[in-house]
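**Q** Going line by line, the protein sequences match chains P and L. At position 196 of the first sequence (counting the first as 1) the number is 198 in the working numbering, and the numbers step up by one without a gap. At position 56 of the second sequence (counting the first as 1) the number is 174 in the working numbering, and the numbers step up by one without a gap.
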Amino acid sequence: MNQLISIYFANQLKLSKGDTKRTRRILGGAAIAVCLMFGLISYNLTFGISLKQTTGNLEPLPVIMAGASSLLALFSAIYSAKSLIFAYKDRDMLAALPLPRAKVVLSRVLILYIYELIYTFAIMLPCLGVCAALTRPGFTFWLTAIPGCIMLPVLPLVIGCALGAVGAVLTSGSRAMGAMRYVLITVFALGLMAVSFSSSFSTGENGLLGAQPLALIGRASSAMRRYWPPLAWFSDAVWKYPIRLLLLAAVSVAGLFAFTSVAGKYDGLVADRVASVKSRGSARLGRGKARGVLRALLVKEFATYTGAPLYVFNTAFGLLLMLIASGAFLIYGDKVISVLVQTPGGAEALIPALPLALGLFAVLSCTSACSVSMEGSRLWISRMLPVSRMMIFTAKMGVNFILSASASLISSIMIAAKLGADGEFLFWLIVTPLVYSAFTSAFGLFINLRHPKLDWTNEAAVVKQSAAVLLAMLGGFLVTLLPLGLQSAFGGFIVLRLATVIIAIFTTLLLMWMKRRGAALYDRL
Amino acid sequence: MLEIINFSKTYRGGKKAVDNLTLHVEPGVIYGFIGHNGAGKTTTIRAAVGALEFEEGDILVNGISIKKDPIAAKRVLAYIPDTPELYNNLTGIKYLRFIADVFGVTESERRERIEHYAGAFEMTKQLGDPISSYSHGMRQKLIVISALLHEPKLLVLDEPFVGLDPKAAFTLKGFMREVCDKGGAIFFSTHVLDTAEKLCDRVAIIKQGRLVAEGTMDEVRGNESLEHVFLELTD
Numbered sequence: 003m004n005q006l007i008s009i010y011f012a013n014q015l016k017l018s019k020g021d022t023k024r025t026r027r028i029l030g031g032a033a034i035a036v037c038l039m040f041g042l043i044s045y046n047l048t049f050g051i052s053l054k055q056t057t058g059n060l061e062p063l064p065v066i067m068a069g070a071s072s073l074l075a076l077f078s079a080i081y082s083a084k085s086l087i088f089a090y091k092d093r094d095m096l097a098a099l100p101l102p103r104a105k106v107v108l109s110r111v112l113i114l115y116i117y118e119l120i121y122t123f124a125i126m127l128p129c130l131g132v133c134a135a136l137t138r139p140g141f142t143f144w145l146t147a148i149p150g151c152i153m154l155p156v157l158p159l160v161i162g163c164a165l166g167a168v169g170a171v172l173t174s175g176s177r178a179m180g181a182m183r184y185v186l187i188t189v190f191a192l193g194l195m196a197v198s199f200s201s202s203f204s205t206g207e208n209g210l211l212g213a214q215p216l217a218l219i220g221r222a223s224s225a226m227r228r229y230w231p232p233l234a235w236f237s238d239a240v241w242k243y244p245i246r247l248l249l250l251a252a253v254s255v256a257g258l259f260a261f262t263s264v265a266g267k268y269d270g271l272v273a274d275r276v277a278s279v280k281s282r283g284s285a286r287l288g289r290g291k292a293r294g295v296l297r298a299l300l301v302k303e304f305a306t307y308t309g310a311p312l313y314v315f316n317t318a319f320g321l322l323l324m325l326i327a328s329g330a331f332l333i334y335g336d337k338v339i340s341v342l343v344q345t346p347g348g349a350e351a352l353i354p355a356l357p358l359a360l361g362l363f364a365v366l367s368c369t370s371a372c373s374v375s376m377e378g379s380r381l382w383i384s385r386m387l388p389v390s391r392m393m394i395f396t397a398k399m400g401v402n403f404i405l406s407a408s409a410s411l412i413s414s415i416m417i418a419a420k421l422g423a424d425g426e427f428l429f430w431l432i433v434t435p436l437v438y439s440a441f442t443s444a445f446g447l448f449i450n451l452r453h454p455k456l457d458w459t460n461e462a463a464v465v466k467q468s469a470a471v472l473l474a475m476l477g478g479f480l481v482t483l484l485p486l487g488l489q490s491a492f493g494g495f496i497v498l499r500l501a502t503v504i505i506a507i508f509t510t511l512l513l514m515w516m517k518r519r520g521a522a523l524y525d526r527l
Numbered sequence: 119m120l121e122i123i124n125f126s127k128t129y130r131g132g133k134k135a136v137d138n139l140t141l142h143v144e145p146g147v148i149y150g151f152i153g154h155n156g157a158g159k160t161t162t163i164r165a166a167v168g169a170l171e172f173e174e175g176d177i178l179v180n181g182i183s184i185k186k187d188p189i190a191a192k193r194v195l196a197y198i199p200d201t202p203e204l205y206n207n208l209t210g211i212k213y214l215r216f217i218a219d220v221f222g223v224t225e226s227e228r229r230e231r232i233e234h235y236a237g238a239f240e241m242t243k244q245l246g247d248p249i250s251s252y253s254h255g256m257r258q259k260l261i262v263i264s265a266l267l268h269e270p271k272l273l274v275l276d277e278p279f280v281g282l283d284p285k286a287a288f289t290l291k292g293f294m295r296e297v298c299d300k301g302g303a304i305f306f307s308t309h310v311l312d313t314a315e316k317l318c319d320r321v322a323i324i325k326q327g328r329l330v331a332e333g334t335m336d337e338v339r340g341n342e343s344l345e346h347v348f349l350e351l352t353d
């Protein structure tokens, strides 16, 4: 088992020992981790102090954070199950080893578990630290909280892997069924979000707008404990009954072994089914007209994108949320508008922030941040094509821009229609999200060219776990949250104007960099 | 057609893969490039097709420097790598259309050539299926078909017969000769010395990045077999 895991992790670290790039990556990663930790500690501290002052009870806070990390683990597992457990590149090599299949499956699940464990600790440690600082609990707090955190992602991971495997089997065989798989997962994700929101807000008389944030945390925490008992076991173990930790551990380990035994037994069957492709018979050679070079490259990039469900999910979710939020605003926005009108200065402060909020959704969806890495061992094809590097880059950025700009435009039109926007506000409502879409497209590619990962064996390693994706998202957050913060402080249009112009200039500089240095970097990959 | 002039390549870490290599491949010639594993064959081939950056020397394809004008040079060459990695999410026919679009092959030409080459490699029926369902050999055949689509003047192949069934290998040899008959040239590496002996007009043997023998097949092997000469020169 250790050997199987070390093939993936430890050996890579050993082989890159003494490499200056590795040192830089570790330092860069540490700097990002410190920034993230600082943000999470501030967030937890704000809610922790408020909860302590108003209710004197901090119990809901770790439940909320543990719930968030569990959801993250669940969806990661659903998305990754197929490519990580049943359809990875060196599967045949591992399957040929004289090992029980269950062990091989376990090693693959544990690889995902290690990643999820890192995320869990990143989310939970600041929260637990704040709780400990504010309540000064006994030694048993940490003695149960740390093992509890180790156990937290196990069950969501197991359930996610099982759901992902069943989904992959049911939808295998054709592209249409494959597309159905990610439609179903999206519906499931949105449904889960809707249920958790409705159960949190349902008791508030005035619905969403009447709910107080702190009361909301209490209600959300109760709902989470009710729907997902491991959260209750974790919370009880940390605060009151340490013995509950054993229950959490026993159920988690039993779940893990039950899944790996069953998955190990049917591993070959599932892998065959997942890999099976329905033959379409002879292709019609006469079909298909000649296209221009850029169009051909764009079509290829879109095919790469839509052919990888994990890629689509990781990047299209923000755009989907943008469209849903704008649609909801168009239909149910009267309440929001009436509150804004009644609140002194509300409309002046919040309405100019709307274009920036759309920009925030746009930066959440960056396809170009892993578009170079996704080429992997196929990179030779684009390098052999008689086209300029900038043409290849344009196609890669084009996918992101087309998706993001379309969703932004539709959202802008819906919001403009509801608010009856005109004049300068209408201009920025349309232009700012488009500028952010262009920026995200260029910035994602810039980051991926600087941090490529071409030696992957499953898509999850690139789409979910690569440094480029994380850095692109953090950079995107920075350039949207900073102006949003300034906007709330200053109000009016000045921040919006400045932010849009600065982002446009920055995007132009990125494109200029790509033409010269980006092309040279691409050639050296 | 292909001129490799004083080409050297040193990888990061100081390993010199190729040292001052000079070769000329004339039009109409099938040129075999042989050597041990790690001798520098793939490095030379990748540099020749513009897939690898290099600092020392120059490589001309049809008189165009791959270093100075890579786009123009790539328009007249085609490359078949040693591992058939392709876009799994595309079908065979979509991949061929993509390549035809990028190389500017007209609709009528592409239809005619796809029919011709896919028929010859018995791939017509499989072109509608996703590449992910293809075997190693089928992927290799698809790469060969895509390489021939734009009628390249120079065809560069790295271990092209690995993974191909005997019939497909025979068909490929026929197409290689056809390219040369039309005035093009072939530059390929192989470990199969029998094939090299029968197929090549000229041959070069490389050892630890340096050229140790070069000439027509008769000049290099003399009265011996190519295998004998190769073992003698490289041991």
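For each residue, glycine too, the CB sits at the ideal point set by N, CA and C.
Going by CA-CA distance only, name the one from L/M335, L/G255, L/T224 that's closest to L/T201.
**A** What you label residue 201 of chain L is simply residue 83 of the second sequence in a count that begins at 1. Nearest C-alpha to L/T201: L/G255.
**Q** Please classify P/A155: does DSSP put it in a helix, a strand, or coil?
**A** The residue you call residue 155 of chain P lines up with position 153 of the first sequence. Checking the sequence, you will find Pro at residue 155 of chain P rather than Ala. Note: P/P155 maps to coil in three-state DSSP.
**Q** What are the boundary residues of the beta strand (DSSP E) that L/K127 is part of?
**A** Translated into positions along the second sequence, residue 127 of chain L becomes position 9. Note, L/K127: beta strand (DSSP E), 120-128.
**Q** Would you mind working out which of L/Q244, L/L329, L/N180 sits nearest L/G153, comparing C-alpha positions?
**A** Here the question's residue 153 of chain L lines up with position 35 in the second sequence. Of L/Q244, L/L329, L/N180, the residue nearest in Cα terms is L/L329.
**Q** Kindly indicate which three-state DSSP category P/G166 falls into: helix, strand or coil?
**A** Locating residue 166 of chain P in the first sequence gives position 164, where the first residue counts as 1. It is helical.
**Q** I need the straight-line Cα distance from P/V189 to P/I51, nearest angstrom please.
**A** Along the first sequence, one-based indexing puts residue 189 of chain P at 187. Along the first sequence, one-based indexing puts residue 51 of chain P at 49. Cα-Cα distance, rounded: 36 Å.
**Q** Could you check the C-alpha separation between P/L96 and L/E269 for me, to the nearest Å?
**A** Working through the first sequence from its first residue, we reach residue 96 of chain P at position 94. Working through the second sequence from its first residue, we reach residue 269 of chain L at position 151. Each residue's alpha carbon lies about 41 Å from the other.
**Q** What residues from chain L crowd round P/R380, counting only those whose CB sits closer than 9 Å?
**A** For this step, residue 380 of chain P is matched to residue 378 along the first sequence. Near P/R380 (Cβ distances below 9 Å), the residues of chain L are E203, L204, Y205, N206.
**Q** Please check if any C-beta of chain L sits within less than 8 Å of the C-beta of P/K84.
**A** Position 82 of the first sequence, counted from the first residue, corresponds to residue 84 of chain P. False, the Cβ-Cβ gap to chain L never drops below 8 Å.
**Q** To the nearest angstrom, how far is the alpha carbon of P/L247 from that of P/M126?
**A** Counted from its first residue, the first sequence places residue 247 of chain P at position 245. Counted from its first residue, the first sequence places residue 126 of chain P at position 124. Looking at the two C-alpha atoms, the distance is approximately 16 Å.
**Q** Starting from L/H346, follow the alpha helix (DSSP H) in both directions and report where the run begins and ends.
**A** Taking the second sequence and counting its residues from 1, one reaches residue 346 of chain L at position 228. Element bounds for L/H346: 344-352.
**Q** So P/I326 is in the alpha helix (DSSP H); what residue range does that whole segment cover?
**A** The count along the first sequence starts at 1 and reaches residue 326 of chain P at position 324. Run containing P/I326: 311-334, per the alpha helix (DSSP H) assignment.
**Q** Please determine if the region 378-392 of chain P and the region 324-340 of chain P are in contact, where contact requires at least 3 C-beta pairs separated by less than 8 Å.
**A** Flag = no, the region 378-392 of chain P and the region 324-340 of chain P do not touch.
**Q** List the residues that DSSP assigns as beta-bridge partners of L/I177.
**A** Along the second sequence, read from residue 1 onward, the residue named residue 177 of chain L stands at position 59. The partner list for L/I177 (beta bridge, DSSP) reads L/I122.
**Q** Give the DSSP-derived three-state secondary structure of L/H254 in the structure shown.
**A** Position 136 of the second sequence holds residue 254 of chain L. Three-state DSSP puts L/H254 in a helix.
**Q** Among residues of its own chain, excluding the 5 on either side of P/L486, which ones have a beta-carbon nearer than 8 Å to its beta-carbon?
**A** In the first sequence, residue 486 of chain P corresponds to position 484, counting from 1. Excluding sequence neighbours, P/L486 sits near A355, L358, A359, L362.
**Q** Is there a Cβ of chain L sitting closer than 8 Å to that of P/L322, yes or no?
**A** For this step, residue 322 of chain P is matched to residue 320 along the first sequence. No, no contact with chain L.
**Q** Using a C-beta cutoff of 8 Å, does P/G58 count as contacting chain L?
**A** In the first sequence, residue 58 of chain P corresponds to position 56, counting from 1. By this cut-off, P/G58 is not an interface position.
**Q** Note down, in chain order, every chain P residue with its Cβ under 7 Å from the Cβ of L/I177.
**A** Residue 177 of chain L sits at position 59 when you count from the first residue of the second sequence. Chain P residues near L/I177: none, gap ~14 Å exceeds 7 Å.
**Q** Less than 8 Å between the C-beta atoms of P/L86 and P/N460, yes or no?
**A** One-based indexing of the first sequence puts residue 86 of chain P at position 84. One-based indexing of the first sequence puts residue 460 of chain P at position 458. Contact: yes.
**Q** Under 8 Å: do the region 497-515 of chain P and the region 139-157 of chain L share three or more Cβ pairs, one atom per stretch?
**A** Cβ pair count under 8 Å is below three, so no.
**Q** Give the single residue among P/D94, P/A252, P/G169, P/S109 whose Cα lies nearest to the Cα of P/L154.
**A** Stepping through the first sequence from its first residue, residue 154 of chain P is reached at position 152. Nearest option by C-alpha distance: P/A252.
**Q** Quick one: grab the DSSP three-state call for L/N341.
**A** Your numbering for residue 341 of chain L matches position 223 in the second sequence. In the structure shown, L/N341 sits in coil (DSSP, three-state: anything other than H, G, I, E or B).
**Q** Which residues in chain L sit within 9 Å of P/M392, going by Cβ to Cβ distance?
**A** Numbered from its first residue, the first sequence carries residue 392 of chain P at position 390. Per Cβ cutoff of 9 Å: no residues; P/M392 is ~11 Å from chain L at best.
**Q** Suppose the cutoff is 6 Å on Cβ atoms and the five residues either side in sequence are ignored; what does the same chain contact list for L/F305 look like?
**A** To locate residue 305 of chain L, count along the second sequence from 1; it is residue 187. Closer than 6 Å at the Cβ level, and outside the excluded window around L/F305, lie L120, V143, Y149, V274.
**Q** Quick one: using the 10 Å Cβ neighbour count with 16 as the cut-off for buried, is P/G140 buried or exposed?
**A** What you label residue 140 of chain P is simply residue 138 of the first sequence in a count that begins at 1. It is exposed - the Cβ of P/G140 has fewer than 16 other Cβ atoms within 10 Å.
**Q** For P/K466, which of P/L387, P/V389, P/P311 has the nearest alpha-carbon?
**A** In the first sequence, the residue the question calls residue 466 of chain P occupies position 464. The candidate whose alpha carbon is nearest that of P/K466 is P/P311.
**Q** Can you list, in chain order, the residues of its chain whose CB lies under 8 Å from that of L/I261, leaving out five sequence neighbours each side?
**A** Start at 1 with the first residue of the second sequence, and residue 261 of chain L comes out as number 143. So the list reads I198, P199, P202, L204, once near-sequence residues are dropped.
**Q** Could you name each continuous beta strand (DSSP E) segment of 3 residues or more that falls completely within the region 229-287 of chain L, going from the start of the chain to the end?
**A** With a minimum length of 3 residues, the continuous beta strand (DSSP E) runs that stay inside the region 229-287 of chain L are 272-276.
**Q** Find the nearest neighbour of P/N59 within the set P/C133, P/I326, P/L322, P/T502, judged by alpha-carbon distance.
**A** By one-based count along the first sequence, residue 59 of chain P stands at place 57. It is P/C133 whose Cα lies nearest to the Cα of P/N59.
**Q** Any beta carbon of chain B sitting closer than 8 Å to that of L/D219?
**A** Among the protein chains in the structure shown, which are P and L, there is no chain B.
**Q** Work out the CA separation of P/I66 and P/A522 for me, nearest whole Å.
**A** To locate residue 522 of chain P, count along the first sequence from 1; it is residue 520. To locate residue 66 of chain P, count along the first sequence from 1; it is residue 64. If you take the alpha carbons of P/A522 and P/I66, they lie about 47 Å apart.
**Q** Provide the residue(s) that pair with L/H142 in DSSP beta bridges, ordered along the chain.
**A** Position 24 of the second sequence, counted from the start, is the residue given in the question as residue 142 of chain L. DSSP, once it has assigned bridges, lists L/E121 as partnering L/H142.
**Q** Can you name the start and end residues of the beta strand (DSSP E) that P/L296 belongs to?
**A** Within the first sequence, numbered from 1, the residue matching residue 296 of chain P stands at position 294. No beta strand (DSSP E) holds P/L296; the alpha helix (DSSP H) holding it covers 295-308.
**Q** Below 8 Å, how does it come out for the region 414-422 of chain P and the region 204-224 of chain L: are there three or more Cβ pairs, yes or no?
**A** Output reads no: the region 204-224 of chain L does not touch the region 414-422 of chain P.
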